[in-house]
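Scroll down for the structure; my scribbles are underneath it.
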Amino acid sequence: MKAINTLIKLDSVSKSINNKKIIKKESFSINEGRVVALLGPNGAGKTTTVRLITGLLSVDSGNIKFNGKNLSDDTKEFRKYISVLNDGNLYEDLTLVENLMIWKDLYEISENDFQTRVSPLLAFFSLEDRKNDKIGTFSKGMKQKAAIIRTLINNPKLLILDEPTSGLDPKSIEELYRLLEEIKNNRKLSIILCTHQLYGI
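Rendered as structure tokens:
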């Protein structure tokens with residue numbers, strides 16, 4: 023039997039902001055290729071947890087490990103294995119390809135690797151015919167697909183989705199979750215889903 027690899031592990035993590043306790047002794051782990059939902063109302067600490075995992079915030083106490091190593095040891099190194107999907111990731115006056123090129127340069131991806139990765143993603147999300155169109159002309163569902171493509175071009179091990187169904191109709195939500203399931207299975211990708219909605223989980 024193949025051993026299960028724990029990608030992320032939080033052990034008794036606590037965090038206060040402006041003297042207010044946001045997270046108190048939070049512990050959980052995420053195995054490779056699994057989906058974990060952080061479910062709770064606004065203000066429950068979901069975004070703070072994500073910022074701790076991505077290294078944007080440091081823990082007050084406790085420990086976070088990524089692939090068995092302390093996240094605090096080299097936050098910059100671990101960040102290249104993590105992608106986050108939230109609002110504001112795309113520039114509406116630029117085309118889809120132009121948006122992706124920005125992140126290509128940010129992650130220092132070679133031109134050959136970029137083309138090899140992007141082409142199948144455009145096909146997977148049925149956006150090949152719209153790659154040269156401005157994001158501002160896309161529907162909400164298409165923008166979400168485009169944003170997900172952006173998060174995948176660096177071949178992350180962990181994908182964090184912050185309220186990915188916001189503004190989507192029920193059909194688009196079902197399609198989004200179906201696509202995420204396929205991505206998880208095809209890429210053995212771990213996913214953290216932050217949401218206050220029970221629908222589809």
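Going left to right, the sequence shown walks through residues 23 to 223 as the working numbering numbers them.
Glycine included, every Cβ here is placed at the ideal spot set by N, Cα and C.
As the structure is a computational prediction, the values presented were derived from the model and not from experiment.
Those residues which DSSP pairs with residue i across a bridge
i: E48; result: V35
i: K43; result: S38
i: A59; result: L215
i: L181; result: S105, I213
i: I30; result: I52, F88
i: K153; result: Beta-bridge pairing links K153 to no other residue.
Run of the alpha helix (DSSP H) containing residue i, from where it starts to where it stops
i: A168; result: 162-174
i: D135; result: 133-146
i: V72; result: 68-75
Burial state of residue i, where buried means 16 or more other Cβ atoms lie within 10 Å
i: Q137; result: exposed
i: I205; result: buried
i: K37; result: buried
i: R152; result: buried
i: N154; result: exposed
i: I131; result: buried
i: A145; result: exposed
i: T159; result: exposed
i: K179; result: buried
i: E48; result: buried
Integer Cβ distance of residue i from residue j, believed to fall under 8 Å
i: F100; j: G77; result: 7 Å
i: I104; j: T70; result: Not really, about 16 Å apart at Cβ, beyond 8 Å.
i: L174; j: P186; result: Rounded, the Cβ-Cβ distance is 13 Å, inconsistent with contact.
i: L107; j: I170; result: 6 Å
i: L215; j: L183; result: 5 Å
| message | To test your reading of the DSSP string, which unbroken beta strand (DSSP E) runs of 3 or more residues are found completely within the segment 87-121? | response | Runs found: 104-107.
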